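In mature numbering (1 follows the signal peptide of the UniProt record, and there is no 0), the protein residues as written are -18 to -1, 1 to 440. All C-beta atoms, glycine included, are put in the ideal place defined by N, C-alpha and C. Just so you know, these numbers come straight off a predicted model, no measurement behind them. Structure record follows, encoded as structure tokens.
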């Protein structure tokens, strides 16, 4: 305790680093409050207020994170919930709103490289960040930190299940209880005041005990209001550091340090071709990882490129091919096998034909197949927010369909979900590109083994 007291004294005894504060109007959040660090941000935090709105207490909490080098995006939960209640769907999926907002703000601010955000919430905001972490695909958020956490949420409709979140009705049309979710894709840390009279500490402790990827930090002299910073600030900053550490994607190998790669080793020694897999524009999420794991289970090592990270800044077909040639040659040696498959999903599927067409002759001879999962007719070599919203982008300047017809000698195959855009599928087929169909929509009903079966059987 003496060490914590000393740390708290030092935090307040010396002047805080100067930060810049401004605001940005962004639907459906109303006014966003931006706290800019002095130097380029090393992490991004989205801070969600409690029912008191964007007041002095949460402003202090946000400022302290910005002083540590994070860009902090402040959200008034009252404004967001007002917009949410106007939605007509059967359930709410705030994780998508927050991911899109994070992408948009970082693009607007010209952040050099996209940083997956840490979700931070106070009181009702703490409940929301837990719900979003549970419903979002793995890889969407770095983690979530809740101050004064209760698992009940006051909304007229439940949160959508997403990755598996379940709700229980408390008051019909008014509030729901978020059930324990034992597959949290990233850490959730609850900072719980032991004198909290709103969210009972024993109930919160019981809720989180034994929950994988969740932990509780008990704060002895803290109530629900988090009124005395010296009693909670050191623990708050320490917990945030655990989540924000290494915000940039991990690199797979030291010899390719600038490339956001993920390697999935095969389940058994095999001579099957390895797969170079280009992710969708959401990055290397649970979908891409699961497809990679399914391929690895069938003996194909997988080298995955995080498209969201790599294409955050504009690339060209030539520069992308040059990077992937280095990747392929490196892993041909590492895996001791020459043959490989080039596959891409969604955004990555729009990139793959251009790469295949520009490979040097010796690598084209080693290329066993080009597999395009849910490609579009047009594409680009830069991430656009409009693409992630599935509304198309006027800047999509590359003709994917035409490029695919140029590589027929390299055996391209398109794989679509049965519920996807039929005209797009038909135009690829009409151009003479082999097309396969699996049940489901853009994510193929998460039938990862079926996707892998198609790829390895081609």
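{"query": "When the Cα atoms are used, what is the spatial distance from residue 3 to residue 219?", "result": "20 Å"}
{"query": "Quick one: what's got a C-beta closer than 6 Å to residue 65's C-beta in the same chain, skipping five residues either side?", "result": "10"}
{"query": "Mind checking whether residue 167 and residue 185 have CB atoms under 8 Å apart?", "result": "no"}
{"query": "What would DSSP say about residue -11, mapped onto helix, strand or coil?", "result": "Legend: pLDDT at residue -11 = 43, less than 50; position of this residue unreliable, value from coordinates given subsequently. Helix at residue -11."}
{"query": "Could you pull out every residue in the same chain whose Cβ sits closer than 6 Å to the Cβ of residue 386, ignoring the five residues on either side in sequence?", "result": "335, 394 and 415"}
{"query": "Would you mind reading off the limits of the alpha helix (DSSP H) that contains residue 411?", "result": "404 to 412"}
{"query": "In chain order, what residues of the same chain have a beta carbon less than 6 Å from the beta carbon of residue 125, not counting five sequence neighbours either side?", "result": "100, 168, 169 and 225"}
{"query": "Which residue's Cα is closest to the Cα of residue 193: 163, 216 and 201?", "result": "163"}
{"query": "In whole angstroms, what separates the C-alpha of residue 251 from that of residue 142?", "result": "41 Å"}
{"query": "Classify residue 119 as buried or exposed, calling it buried when 16 or more other Cβ atoms lie within 10 Å of its own Cβ.", "result": "buried"}
{"query": "Are the region 269 to 282 and the region 322 to 331 touching, with three or more C-beta to C-beta distances below 8 Å?", "result": "yes"}
{"query": "Specify, as a first and last residue, the run of the beta strand (DSSP E) that residue 157 falls within.", "result": "157 to 160"}
{"query": "For residue 252, does the three-state DSSP call read helix, strand or coil?", "result": "coil"}
{"query": "On the DSSP bridge list, what partners appear for residue 360?", "result": "381"}
{"query": "Put residue 182 into one of helix, strand or coil per three-state DSSP.", "result": "coil"}
{"query": "Using a Cβ-Cβ cut-off of 8 Å (strictly less than) and excluding sequence neighbours within five positions of residue 433, which residues of its own chain qualify?", "result": "273, 276, 355, 397, 420 and 426"}
{"query": "Pair every Cβ in the region 190 to 205 with every Cβ in the region 236 to 249, then say whether three or more of these pairs are closer than 8 Å.", "result": "no"}
{"query": "Does DSSP put residue 92 in a helix, in a strand, or in coil?", "result": "coil"}
{"query": "Can you grab the Cα-Cα spacing for the pair residue -8 / residue 29, in whole Å?", "result": "With a pLDDT of only 43 at residue -8, under the threshold of 50, the placement of this residue in the model should not be trusted; the figure read from the coordinates follows. When rounded, the distance between both Cα atoms is 21 Å."}
{"query": "Give the secondary structure of residue 308 by DSSP, where H, G and I count as helix, E and B as strand, and everything else as coil.", "result": "helix"}
{"query": "For residue 137, count neighbouring Cβ atoms within 10 angstroms of its own Cβ and tell me buried if that reaches 16, exposed if not.", "result": "buried"}
{"query": "Give the single residue among 331, 245 and 266 whose Cα lies nearest to the Cα of residue 285.", "result": "245"}
{"query": "Taking only three categories from DSSP, how would you classify residue 416?", "result": "coil"}
{"query": "Please state the DSSP three-state secondary structure of residue 31.", "result": "coil"}
{"query": "Identify the continuous beta strand (DSSP E) that holds residue 244 and give its terminal residues.", "result": "243 to 246"}
{"query": "Check each candidate in 255, 161 and 428 and name the one with the smallest Cα separation from residue 314.", "result": "255"}
{"query": "Give a yes or no on whether the C-beta atoms belonging to residue 257 and residue 317 are separated by under 8 Å.", "result": "no"}
{"query": "For residue 27, which residues in the same chain have their Cβ closer than 6 Å to its Cβ, ignoring the five residues on either side in sequence?", "result": "47, 52, 54, 100 and 102"}
{"query": "Span of the beta strand (DSSP E) holding residue 352?", "result": "349 to 355"}
{"query": "What does the alpha-carbon distance come out to for the pair residue 430 and residue 247?", "result": "16 Å"}
{"query": "Under 8 Å: do the region 292 to 299 and the region 343 to 359 share three or more Cβ pairs, one atom per stretch?", "result": "no"}
{"query": "Look at the alpha carbon of residue 373 and the alpha carbon of residue 410, and state the distance between them as a whole number of angstroms.", "result": "Residue placement at residue 373 cannot be trusted, given a pLDDT of 47 that sits under 50; the coordinates are not used to answer."}
{"query": "Could you say if the region 84 to 92 and the region 109 to 117 meet the contact criterion of at least three C-beta pairs nearer than 8 Å?", "result": "no"}
{"query": "On the DSSP letters alone, give me the boundaries of the beta strand (DSSP E) that residue 396 sits inside.", "result": "394 to 399"}
{"query": "Can you tell me the Cβ-Cβ gap for residue 97 and residue 56, rounded? I've got them flagged as a contact below 8 Å.", "result": "Their Cβ separation, rounded to whole angstroms, is 16 Å, which puts residue 97 and residue 56 out of contact at 8 Å."}
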